[in-house]
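Using the working numbering, the first residue of the sequence shown is number 42, and each one after it goes up by one.
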Amino acid sequence: MEHANQVIYLEGAEDFDIHKNGSVLTVQVRRTSSPISLGVEKARTALEHFWSLASRSPATIVEYHYLTTSTIALEQDADFDGLAGIDAWTTAQTNEQLAAKLTTYLVSKLPTDSQLRAFLAQADAHNVQQYLIRRFRWLTHRPDIDAVKQSVTDRIGELLRNQRRSAGMATAVCKWLESYFWEVVIRNEAEQRRLTLGDLHRLVDAATNPLLALGTAQLPHVLDANNPGRNLLNLLARSVPPVPSPLLMRRALCDQLTSLINQRKSVLVTGTVGKGKTTLVQVVLGTLAASSQWVDLAEAEPVWEKLLFRELAAQMDDSNFPTVIILDDLNLSPGQQKAYGAALADLLRRAEATGRSIVLTAQGESSASVAQQRFTGVEIVDVLEISIEEAKALCIDHGCPDDVADLWSVLITAKTGGHPKLVQIMLDELVHRNWPLPQLSEMSSASQGIVSARQATRQLLSDTVSTSDAELLYHASTCLVLMHRSILIRLAELVGNNKNAGDVIDRFTGKWIECIEGEWYRTTALLSGSAKDVWSEEDQAKAHARLHTAIQHKSPLSPAEAGALLYHAYFSKDDWRLAHTALKLQTIDSKEARQEVEQRYLLWLPYLAIGSGQQIANNPYAAVILRGLQFKVATTLDADVVPSICDRWVEETNAVDVEALQPIVRAHMWLAVGLSECEKVPHSHRLQAATGLLTLQDEPKHIAEAMLATIFDKATGEPEFPTTATPTQFVLLNVARSVEGIAGIDTLLSWLNTTNDASRGQFEDVLGWPITQTLGAFVQATWSRHCESTKDWSPWIVALDRVDACAKRWGLHRLGREAAKAKAIILAEYLSDATTALTCLQQAEADFGPSGILLEQWANLCYHQHQDEKVLQIWLQLSQDGLADVFFDPFAARRAGISAGRLARWNDAQEIFYAAASRLGPDSMSRVRFGLMVDAALATSHTGNQVNAASLLAEAVVALPIEAAGEDDPQWEAVQRIAVEVCRLIEHRVGYAQARSQTVELGRASAPNVFALDANAGQQLRTELTQAQALRLAATLGIWPIGADTCLASLEESRHLLVQLPVSETRLSLAYARGAGEGFIPSLLQFYKSLHFMMIHRSEGPGYEIDATEWSRPVTLPDAWFGYLIAGVLCSGHALLSHLALWLTEANSHVGNEDPLSQAISRLLDGAARSSDGAQRTVRDAAEDGLVRLGASATWMLDRPNAAQLFELQQLAAYPLVSDFVRVRQELFNHHVAKTLAHAWQNHAASGQFQFVSPRTTVPALTH
């Protein structure tokens, strides 16, 4: 209460009204736990109650406070700019757009006869603000009783101070007030349940009069009778300062802060010194239309801040007071907060209640330290370093060309650490330089602006800290990575600040040291690199050594710390420290951690000492260890400097003068270079390594073999490698993986002509490995990778002639055959000179002897000349044992299969394609294997055996790998489209449907390069459909390959209706094939559901995915579909009665016993359960129920009727199978019903007493 004319009327222990001249404030108090929103009934009831009170007394200004302990919930059916409705209500006091949105929402929620709704429907946003939003306040998430009591005590204390009485008497006064309150609240008459300001002063006087004593408690008020808080506000408040120039516009931060202020949130802007907190607020306020007041707290004392915050809180109720209040440079230290904390908390609450935003900027604090202050109800905006992405945008804003913005952004962030002040300086310099092309030297060149800024920072450091503390900070600024607290403490101890090192760190945190998160620290970027400006090279090396020791002290190390360990070891100029660290990094136990260190935290290493004659370390042994790590990192990163590293590594291994050590370090180098998968490693170095490994003896040889086994994970025991394989041969195999081009041929020939016989012998043996043939056998790999782009083949012919000459010179027969094969392919397929190609092969056979390589190429020539009989003869010859160098080539098998097809020898074609697919195995060349299986199915279909064709196709789709459904391989799309065409062709040939094309080309599915002409997205759906269609075909024909159940179960998880339909058809057809027992009724219902929803959503498009809720809805099978039941009856055979009973149980479970489906099954069971005589009488009784007759006819058929009776019974049972709704999917049961019906005729066929119309065809088919 603030005025003598105010009166509080108590409605109970909680609710009350405050009356004064011409106005009433109604306060409704609710202590509830459930969240509240504008969408709940109690909120709308409170609004209606307020409007009812206001309408009854139009001359009285009625205000309403809904005070509750409940939290705020977000409305699910409204959009208030991302705010909850009640939060939006507060903001809408000064935001007409939100007021309009609230009006629309309430109109949709309030009853049509509501007086409030009638007002909202015709009022504009301004009137809604004036008469509703500003008069009705939501006071949510209010503190519980203890906090309220403390608030009352504080306010009584403030009242006492204003009366020049001791605030220490507040507790006693509260007891008097509480006693009087309970005396008033229990009065019967409402008019007597009232409290006035006079009552308050009377009770305060009564409570304090005995204790009143003038003294020092009154002194501040005697000295200053004026309002000190208002005087301070007038002194410190000013308009928003102008934005500084030049300006670094950080859009993301500006957008974040703008959004929070527009939502009238209170915000704390944090960051270390120089990061631009104040500038950020200035920029944002310049873009907003909201009124604002700026208060500068840089020099404020804690007692000033307390008085100032109380004054600001008191002015929150003034409608003319600014909307946004900025408290700049607030000291957040615990000591300061202790003085002003309660006043600030009260200010923030009052701002929230009146729809205002308080923006605070922190005084040199990081976000981690702020979080410890436990600010509640305040959003924190942390001004972080500038990222590479943000730096790129800033570069473009400052005129940088787009094509170099990526490079400049990386250089700028690397050079400045992303510190906003340093970034701004560098951007300004680059603008004046007109954005030159970035050079590598930019990283090492000095920026005068940055140098000046850091020089000023060093001067400030020198003026404010001791020499020993500055030494610690310079050490910390030299560290490559974030420092864990334990590392920083150890570093402080090593530097000499060994007493209370943790306290020293804490003292500098927030100004010179940034606490990034938890226990991770770094110095401000303004100090980065400063050590080189204040120390000699010797002192810098000592600092790196101390950092190395400090980091090594921590356990375990993170990958970043492991990388920093090597960095500081290198710059410590201590070779043994460096060698030990390099070895340690190469022996990290975790492969993942080792790779992360190499790929992310040693990016600087590949570029050290790579110039001719440069040494990476003074000690040769330390040099070869570090060079080995450098090579590993460079090859992992595929760096262009790999050849230079290889050259320097050879020089440094040659410099190792210890005779016993040199073979060991060479062995390590040869294996690393020879087995590296990086294509930047020169082939000359790999081949030198191959030769060198053969020279190893004794212990170095055993070490190399052990290292090889570790690298290949004991691969020497696998079938594709001989058990006698040597390290040299594995290196040569690695050369085969990457050699290409004429330059690759020349390098290989140069090595063969200069190496020793032992190396050439090893090379010749490797050419005989099957895996080498798969990799292109050196020669084929060199030219095949360029075949699409080569126009002039004459240089290749000359190069292959050089290979031929080398092979003859050194007796390398396998190499000579490969050269002849390559030359023959080029002549026949690219130069159309088959005659010369054949001559080439004949000459090679004379020079190097007969082999499968040459014979297979002869078959290739015959294939292209359509000499198909000859192709098959050669293929038969290749299939026999005893011929040298016969390697399985799936594409050679494909050509043989196509030749068999061109001769209409379909059985041979099927065998060739299927055998080739089987040879590949499930994990080898999966797309080619699938294509070979599809071609085998197509060839089988041409033989007329559609059942086997469908079986092969189903076997193929069941084995489809995961990558078949990927969107990034158009070849998989093409081969699956061909598979679908083959499936449709088989369906056509068994009479299911018309084929779109009967001219599917044999061999197209297994072609090495097959592409869809109109490739498009949706490969996952396409793969599911391919599998579903092939499995559906297999199920209808009564075949089911291994693994098909798992594949079908996976397809059932799909929500694509286009997939669910064939999947449900497959499941139903399988049920028929398996005797229509358990699961038949669920399968039938699932089939109908799929077709039902397909008709409903037929306009949605092929990719439609049905909602799980809709899919779970039960369906009822229409009477017209009961023909599917009769097909199941016929497939049940002698298990008829047990199956019908099972159907009834399943139907009752799924649709209930009153459903027509359950009733139909009951009638079938009634007829089927009758005796033999009873069944016959039932069938003959035309007046009997149709389903009962059908059940009885099934029982009679099982009782061996004569031929005439059997024919009539089957005719009766077949009638429902050709009804309109059943006939359209007849193929689902035709094959299975036909097998059952045919089985009944076997006895008649065997007896010979019944004369069939076509006995030569019918009798063998029935009896076999």
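Backbone N, C-alpha and C define an ideal beta-carbon position, used for all residues, glycine too. Quick caveat, the model's predicted, so the values are computed rather than measured.
Same chain, Cβ closer than 8 Å to T320, five either side skipped, listed in chain order: In the sequence shown, the residue the question calls residue 320 occupies position 279. The residues are V284, P285, L288 and L289.
Distance CB(I894)-CB(W837) smaller than 8 Å: In the sequence shown, residue 894 corresponds to position 853, counting from 1. In the sequence shown, residue 837 corresponds to position 796, counting from 1. For I894 and W837, no; Cβs fall outside 8 Å.
Close Cβ partners of T519 (< 6 Å) along its chain, the five nearest in sequence each way excluded: The count along the sequence shown starts at 1 and reaches residue 519 at position 478. Closer than 6 Å at the Cβ level, and outside the excluded window around T519, lie A572 and A584.
Spatially closest choice to D1214 from A822, Q496, R1204 and S1234, by CA coordinates: Locating residue 1214 in the sequence shown gives position 1173, counting from the first residue. Comparing Cα-Cα distances from D1214 to each of A822, Q496, R1204 and S1234, the minimum goes to S1234.
Within 8 Å, strictly: CB atoms of R727 and V683: Reading the sequence shown from its first residue, position 686 is the one you call residue 727. Reading the sequence shown from its first residue, position 642 is the one you call residue 683. Contact: no.
Simplified DSSP state of Q156, which is helix, strand or coil: As a first step, residue 156 must be located in the sequence shown, where it is residue number 115. In the structure shown, Q156 sits in a helix (DSSP, three-state: H, G or I).
Alpha-carbon to alpha-carbon, A1085 and A1275: The sequence position of residue 1275 within the sequence shown is 1234, counting from 1. The sequence position of residue 1085 within the sequence shown is 1044, counting from 1. If you take the alpha carbons of A1275 and A1085, they lie about 24 Å apart.
Spatial distance of R826 from C903 (CA atoms): As a first step, residue 826 is located in the sequence shown; it is residue number 785 there, counting from the start. As a first step, residue 903 is located in the sequence shown; it is residue number 862 there, counting from the start. Cα to Cα, the separation comes out at about 24 Å.
Three-way DSSP call (helix, strand, coil) for I466 in this model: Within the sequence shown, the letter at position 425 stands for residue 466. I466 falls in the helix class under three-state DSSP.
Paired residues, beta bridge with W179 - DSSP: By one-based count along the sequence shown, residue 179 stands at place 138. Bridge partners of W179: Y107.
Assumed close pair L14, M1135 - CB separation to whole angstroms, cut-off 8 Å: The structure shown does not extend to residue 14, since the chain is modelled only from 42 through 1305, so no value can be given for it.
For Q356 and S280, the rounded distance between their alpha carbons: Counting from 1 along the sequence shown, the entry for residue 280 is found at position 239. Counting from 1 along the sequence shown, the entry for residue 356 is found at position 315. Computed Cα separation, rounded: 18 Å.
Sequence ranges, alpha helix (DSSP H) only - wholly within the segment 974-1016, length at least 4: 987-999
Endpoints, the beta strand (DSSP E) within which T1077 is located: Here the question's residue 1077 lines up with position 1036 in the sequence shown. Counting along the chain, T1077 falls outside any beta strand (DSSP E), though it belongs to the alpha helix (DSSP H) covering Q1060 to T1077.
Collapsed DSSP secondary structure at A663 in the structure displayed: To locate residue 663, count along the sequence shown from 1; it is residue 622. In the structure shown, A663 sits in a helix (DSSP, three-state: H, G or I).
Cα-Cα separation between E602 and P461, rounded to whole angstroms: Here residue 602 refers to the residue found at position 561 when the sequence shown is read from its first residue. Here residue 461 refers to the residue found at position 420 when the sequence shown is read from its first residue. Cα-Cα distance, rounded: 26 Å.
Cutoff 8 Å; reference D443; Cβ partners in own chain excluding five residues on either side: In the sequence shown, residue 443 corresponds to position 402, counting from 1. Correct list, in chain order: I437.
Member of L749, Q914, K849 and I867 whose CA lies at the smallest distance from the CA of Q37: The requested residue 37 does not occur in the structure, where the chain is confined to residues 42 to 1305.
Classification of K1130 by the beta-carbon crowding that lies within 10 angstroms, buried from 16 upward: The sequence position of residue 1130 within the sequence shown is 1089, counting from 1. Buried.
Straight-line gap, Q908 to S992 (C-alpha atoms, nearest Å): Taking the sequence shown and counting its residues from 1, one reaches residue 908 at position 867. Taking the sequence shown and counting its residues from 1, one reaches residue 992 at position 951. In a straight line, the C-alpha of Q908 is about 32 Å away from that of S992.
Given 8 Å, three or more beta-carbon pairs between the segment 944-963 and the segment 1004-1016: no
CB contact check: T181 to chain C, cutoff 8 Å: Looking at the structure shown, chain C is missing, and only one protein chain is on hand.
Sufficient close CB pairs (3 or more, under 8 Å) joining the segment 672-687 to the segment 699-706: no
Reference D118; option with closest CA among S149, W92 and Y105: In the sequence shown, counting from the first residue as 1, residue 118 sits at position 77. The shortest C-alpha separation from D118 is found at S149.
Cα-Cα separation between R778 and I786, rounded to whole angstroms: Residue numbering aside, residue 778 sits at position 737 when the sequence shown is read from its first letter. Residue numbering aside, residue 786 sits at position 745 when the sequence shown is read from its first letter. Near 13 Å, if we compare the C-alpha coordinates of I786 and R778.
Bridge-paired residues (DSSP) for M524: By 1-based counting over the sequence shown, the position of residue 524 is 483. DSSP output for M524 lists Y562 as bridge partner(s).
Check whether E420 and V308 have beta carbons under 8 Å apart: Indexing the sequence shown from 1 puts residue 420 at position 379. Indexing the sequence shown from 1 puts residue 308 at position 267. Yes, Cβ-Cβ distance for E420 and V308 is below 8 Å.
Nearest neighbour of F1248, chosen from W1282, H439, W810 and L712 [CA to CA]: Looking up residue 1248 in the sequence shown gives position 1207. Cα-wise, what sits closest to F1248 is W1282.
Which of helix, strand or coil DSSP assigns to R291: Walking along the sequence shown from the start, residue 291 turns up at place 250. Reduced to three states, the DSSP call for R291 is coil.
The segment 540-551 / the segment 290-297 touching (three or more Cβ pairs under 8 Å): no
Residue burial classification, V699 (beta-carbon count within 10 angstroms, cutoff 16): Here the question's residue 699 lines up with position 658 in the sequence shown. The residue is exposed, with fewer than 16 neighbouring Cβ atoms inside 10 Å.
Nearest-angstrom Cβ-Cβ length linking T590 and L607, presumed shorter than 8 Å: For the purposes of this step, residue 590 is identified with residue 549 of the sequence shown, where counting begins at 1. For the purposes of this step, residue 607 is identified with residue 566 of the sequence shown, where counting begins at 1. Between L607 and T590 the Cβ distance is about 14 Å, and since that is not below 8 Å, they are no contact.
Q1217 to M1238 span [Cα, whole Å]: By one-based count along the sequence shown, residue 1217 stands at place 1176. By one-based count along the sequence shown, residue 1238 stands at place 1197. Answer to the nearest angstrom: the Cα atoms are 10 Å apart.
Coarse secondary structure for H1285, derived from DSSP in three states: Here residue 1285 refers to the residue found at position 1244 when the sequence shown is read from its first residue. Correct three-state label for H1285: helix.
V1170 - DSSP class collapsed to helix/strand/coil: Here the question's residue 1170 lines up with position 1129 in the sequence shown. Note: V1170 maps to helix in three-state DSSP.
I366, DSSP secondary structure in three states: Numbered from 1 along the sequence shown, position 325 holds the residue referred to as residue 366. Note: I366 maps to strand in three-state DSSP.
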